[in-house]
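Numbering (our numbering), first residue to last: 10 to 236.
Encoded structure:
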């Protein structure tokens, strides 16, 4: 009986001495696993700058186009996906000189637009876009007619003219996001624009409204803000 009691006492002492080491090992394993989980969460959070919600976006952009045209445009788009926006645009362009005879005119575009973002939730998003619509051009021509070989009054002949032509653009750019709603972008674009045929108007004495125009390539650069 005494031997049995001695054995039991020895086992109790051994268990008492071993228990702190076991609890320390268990505690340390918990701390290590917690640190691993936190590190994984941090890595995942760094991959996403800010979520992109399905919402309406407004953009104002300033543009310069060749040949010597400056303007301001409004684009409204709905982000149907973090990588896709669909909407429309309009604005005003003053063309300092056209391709044909170096005359200036006013152009008002109206177009449908789609934009595709390469990486929608990053802080910097490359993108490309397409736009298709119409250009409305407005002209006022002052001339004495001599350069076209026609007889005219000594006073300048005034012709008012308007045309409606196609507007086509392909755009490539870089969008820089400040937060989930606001961003700034830079882009270049190319396409076709209608230019008036001034000579046809004067030589044929076309009054007020005429649809005579030609299509020429257009290349430009944009800077804009989205909010």
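Using N, Cα and C, we set each Cβ at its ideal position, and we do this for glycine too.
Which of the three DSSP states, helix, strand or coil, is assigned to residue 104?
-> strand
Tell me which same chain residues have a C-beta within less than 7 Å of the C-beta of residue 232, skipping the five on either side of it?
-> 70, 71, 195
The beta strand (DSSP E) spanning residue 62 covers which residue range?
-> From DSSP, residue 62 is part of no beta strand (DSSP E); its letter is neither H nor E.
Could you tell me how far apart the beta carbons of residue 87 and residue 94 are, in whole angstroms, since I believe they sit closer than 8 Å?
-> 7 Å
Nonlocal neighbours in the same chain, by C-beta distance under 6 Å from residue 180, ignoring five residues either side = 138, 196, 198
On the three-state DSSP scale, how would you describe residue 91?
-> coil
Ordered along the chain, which non-local residues of its own chain (more than five positions away) have a Cβ less than 8 Å from that of residue 63?
-> 87, 88, 89, 90
Excluding the five sequence neighbours on either side, which residues of its own chain have a C-beta within less than 6 Å of the C-beta of residue 193, listed in chain order?
-> In its chain, beyond the 5 residues on either side, 185, 234 have a beta carbon closer than 6 Å to the beta carbon of residue 193.
Residue 68, buried or exposed, once every other Cβ within 10 Å from all chains shown has been counted against 16 = buried
Where does the unbroken beta strand (DSSP E) through residue 132 begin, and where does it stop?
-> Taken as a continuous stretch (DSSP letters only), residue 132 belongs to no beta strand (DSSP E), as it is neither H nor E.
Does the Cβ of residue 149 have 16 or more other Cβ atoms within 10 Å, making it buried, or fewer, making it exposed?
-> exposed
Which of the three DSSP states, helix, strand or coil, is assigned to residue 206?
-> coil
Test: residue 64 CB closer than 8 Å to a CB of chain D | The structure shown contains no chain D, having only a single protein chain.
Can you tell me which of 190, 205, 143 puts its alpha carbon nearest to the alpha carbon of residue 101?
-> 143
Beta-carbon separation (whole angstroms), residue 125 vs residue 136, contact threshold 8 Å = The Cβ separation is near 6 Å, so the contact holds.
Assuming residue 9 contacts residue 203 under a Cβ cut-off of 8 Å, what Cβ separation, rounded to an integer in Å, is found between them?
-> Residue coverage of the chain in this structure runs from 10 to 236, which leaves residue 9 outside it and unanswerable.
On the premise that residue 116 lies in contact with residue 76, defined as a C-beta separation below 8 Å, what is that separation, rounded to the nearest angstrom?
-> Contact flag wrong, Cβ pair sits at about 12 Å.
Taking C-alpha atoms, which residue in 206, 224, 60 lies nearest to residue 132?
-> 60
Cβ-based burial, residue 205 [other Cβ within 10 Å; buried from 16] = That one is buried.
Could you please give me the residues that DSSP links to residue 226 through a beta bridge?
-> According to DSSP, which records beta bridges pairwise, residue 226 is partnered with 201.
Please name the residue in 78, 190, 177, 182 whose C-alpha comes closest to that of residue 112.
-> 78
So which of 224, 190, 177, 145 has the shortest CA-CA distance to residue 65?
-> Nearest of 224, 190, 177, 145 to residue 65, Cα basis: 190.
Contact check, residue 222 vs residue 172, beta carbons under 8 Å = Yes; because the gap between Cβ atoms is below 8 Å, this pair is in contact.
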